[in-house]
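J.:
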Amino acid sequence: MSRFHIKDLPILETSPTSPATLRQKLGELLIHSTSAAAMVEMLNKETGEYRVVLRGTLDQEDLKLER
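Going by this note's numbering, the sequence shown opens with residue 69, and the numbers climb by one from there.
#1: Which of the three DSSP states, helix, strand or coil, is assigned to G95?
#2: Take S72 and list the residues in its own chain whose beta-carbon comes closer than 6 Å to its own, dropping the five residues that flank it on each side.
#3: In the DSSP assignment, what are the bridge partners of T125?
#4: Taking the alpha carbon of V120 as the reference point, which residue from L80, A88, A106, T89 has its own alpha carbon closest?
#5: Would you call the CB atoms of K93 and I79 closer than 8 Å?
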């Protein structure tokens with residue numbers, strides 16, 4: 069799995085994207101975070117539409133080592 073950096077965050081907004089690609093990128097983001105939380109902001113039980121907000125802190129230890 070590749071390292072996820074702050075500069076990679078805009079990639080998450082690339083649309084359209086396949087669920088598999090989004091799953092991979094979100095997985096990389098979560099694995100390389102020191103903290104993470106999710107909040108279901110909206111759920112429509114009739115249509116299945118949802119909105120989930122992620123909040124976290126990326127582990128930037130690699131950035132310290134590169135300097």
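Just so it is clear, CB atoms sit at the ideal spot from N, CA and C, and this is done for glycine as well.
T.: Inspection of the coordinates gives the following:
#1: In the structure shown, the three-state DSSP call for G95 is helix.
#2: Ser is not the amino acid found at residue 72; the sequence shown has Phe there. The answer, listed in chain order, is E96, L97, H100.
#3: By DSSP's assignment, T125 forms a beta bridge with S103.
#4: A106
#5: yes
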